[in-house]
Amino acid sequence: MHEQIMIESSISLETIGRVFKLISESPYFVNSRVSQIEILPGGITNNNYKVTVDDVTYALRLAGVGTMEYLNRPAEKHNAQVMADIGISAPIIFYDETTGNQICKYIDDSKTLQAVDFKAEKYLSMAARVFRTYHDGDKEFISEFSPLSEIESYIKLLDERNFEFYEGAELMCEKIEAIRELFKDNPPPKVPCHNDPLPVNWLDDKKNFYLIDWEYAGMDDPMFDLAALAIEAELTDAQERFLLQQYFEKELTEKQLGSLIINKFLCDAIWAYWSILQIAMGKSKEEYWPYGLNRFNRAYTLIHNGSLDRAIKANQ
Numbered sequence: 000m001h002e003q004i005m006i007e008s009s010i011s012l013e014t015i016g017r018v019f020k021l022i023s024e025s026p027y028f029v030n031s032r033v034s035q036i037e038i039l040p041g042g043i044t045n046n047n048y049k050v051t052v053d054d055v056t057y058a059l060r061l062a063g064v065g066t067m068e069y070l071n072r073p074a075e076k077h078n079a080q081v082m083a084d085i086g087i088s089a090p091i092i093f094y095d096e097t098t099g100n101q102i103c104k105y106i107d108d109s110k111t112l113q114a115v116d117f118k119a120e121k122y123l124s125m126a127a128r129v130f131r132t133y134h135d136g137d138k139e140f141i142s143e144f145s146p147l148s149e150i151e152s153y154i155k156l157l158d159e160r161n162f163e164f165y166e167g168a169e170l171m172c173e174k175i176e177a178i179r180e181l182f183k184d185n186p187p188p189k190v191p192c193h194n195d196p197l198p199v200n201w202l203d204d205k206k207n208f209y210l211i212d213w214e215y216a217g218m219d220d221p222m223f224d225l226a227a228l229a230i231e232a233e234l235t236d237a238q239e240r241f242l243l244q245q246y247f248e249k250e251l252t253e254k255q256l257g258s259l260i261i262n263k264f265l266c267d268a269i270w271a272y273w274s275i276l277q278i279a280m281g282k283s284k285e286e287y288w289p290y291g292l293n294r295f296n297r298a299y300t301l302i303h304n305g306s307l308d309r310a311i312k313a314n315q
């Protein structure tokens, strides 16, 4: 009797081989049988798959080429495990810290959120609670995520490859330095942060609200998590205020509102530089150039409308 394996037709033979190789490397799957491989949505850098092994579903990640240059994979392994242990992230089955490839338990019967879902106050409240749970907990990550250091690192990598940034970067660099000076005198708090909580990284199975994909996790300003979600979920000003009110559970101060603006600027600046780095590493300019340009322009809007300068002043 032959066992049939269901594989999405768009998955290449090379990828199928990599999926089977990763599963075979895990002691957890000795003498196991794969019955289905499906593509999971999301994943700008990596490729993700839902794999059924012995009638149990798993989420398998094949790390993107070149990610070892700018991601701390051993730290991700530790940080993601910390979050899995407290029930915020999916249980980790296998992690290869030399490549970033990993296998997690798939959250069955779960909804992968989209930006539109966060227009509902219910999900903004749930996200605020999750943020507070790990921001205010007694756990620590073994790595730091500094937006300013990330930007500096990306600029260095681009310089090494002789790649230029978007036109007008000089003014952006001036504002980045102004924030650097602000943080020298008024350093923000450092707590465990996800740093990339885009909507598709949230899963709702009606029992728990999960935040997955901790590859950028590190000790950081907690406001960066809120700012990143505000950007990725395309929240209105009113929705941003609601998210902050749910998070702080009290009236907001100008300093808190300003901190959100500063971190929104840094978040878009990081991903703008990251986008050009992807092109420098051989990825599609047609895909990454407009993505980064949108980030760049949005960050510049905060400069031109005066929001960033007011935010810096409020935090001095």
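Residue numbers (numbering that gives the first Met the number 0): 0 to 315. Think of the CB as a built atom: it goes at the ideal place given N, C-alpha and C, for glycine as much as any other residue. If you're wondering where the values come from, they're calculated on a predicted model, not measured in any experiment.
- For Leu156, the number of other beta carbons within 10 angstroms of its own is at least 16, and it is reported as buried.
- For Leu307, same chain residues with a beta-carbon under 8 Å away, outside a window of 5 residues either side, are Lys174, Ile260, Ile261, Phe264, Leu301 in chain order.
- Secondary structure at Phe162: coil, using DSSP grouped into helix, strand and coil.
- The C-beta separation of Leu70 from Val18 comes to about 21 Å, leaving the pair out of contact by the 8 Å criterion.
- Note on geometry: alpha-carbon atoms of Arg72 and Ile154 lie some 21 Å from one another.
- Under the three-state reduction of DSSP, Ser152 is assigned to helix.
- DSSP places Glu176 inside the alpha helix (DSSP H), whose first and last residues are 168-184.
- Here Lys110 is exposed. Its C-beta has fewer than 16 other C-beta atoms within 10 Å.
- Of Gly41, Phe182, Ile275, the smallest CA-CA separation from Arg160 is found for Ile275.
- By alpha-carbon distance to Ile278, the top candidate from Cys172, Ile43, Asp267 is Ile43.
- DSSP, reduced to helix, strand and coil, places Trp201 within a strand of the structure shown.
- Put simply, of Thr66, Phe28, Val33, Leu123 the residue whose alpha carbon is nearest the alpha carbon of Ala229 is Leu123.
- Counting only runs of 4+ residues, the alpha helix (DSSP H) found wholly inside the stretch 78-165 occupies 120-134, 146-159, in chain order.
- Assignment of Gly63 by DSSP, reduced to helix, strand and coil, places it in the coil class.
- When DSSP reads this structure, Ala58 sits in a beta bridge with Lys49, Cys103.
- Under the Cβ criterion (8 Å, minimum of three pairs), the stretch 187-201 does not count as touching the stretch 44-58.
- Assignment of Asp224 by DSSP, reduced to helix, strand and coil, places it in the helix class.
- Comparing alpha-carbon positions, the option among Ala310, Tyr165, Glu248, Glu214 lying closest to Thr66 turns out to be Glu214.
- Counting along the chain, Ser34 sits inside the beta strand (DSSP E) bounded by residues 33-38.
- For the set Asp203, Asp137, Glu120, the Cα lying nearest the Cα of Met218 is the one of Asp137.
- Residue Glu120 holds the alpha-carbon nearest to the alpha-carbon of Thr235 among Tyr246, Glu120, Phe140.
- Under the three-state reduction of DSSP, Gly16 is assigned to helix.
- The alpha-carbon separation between Leu39 and Asp107 amounts to approximately 13 Å.
- Within the DSSP secondary-structure output, Phe208 pairs in a beta bridge with Asp203.
- Distance check between Leu112 and each of Ala126, Thr56, Cys103, Ile269 places Ala126 closest, using alpha-carbon atoms only.
- Burial check for Glu253: the Cβ neighbour count within 10 Å stays below 16, so the residue is exposed.
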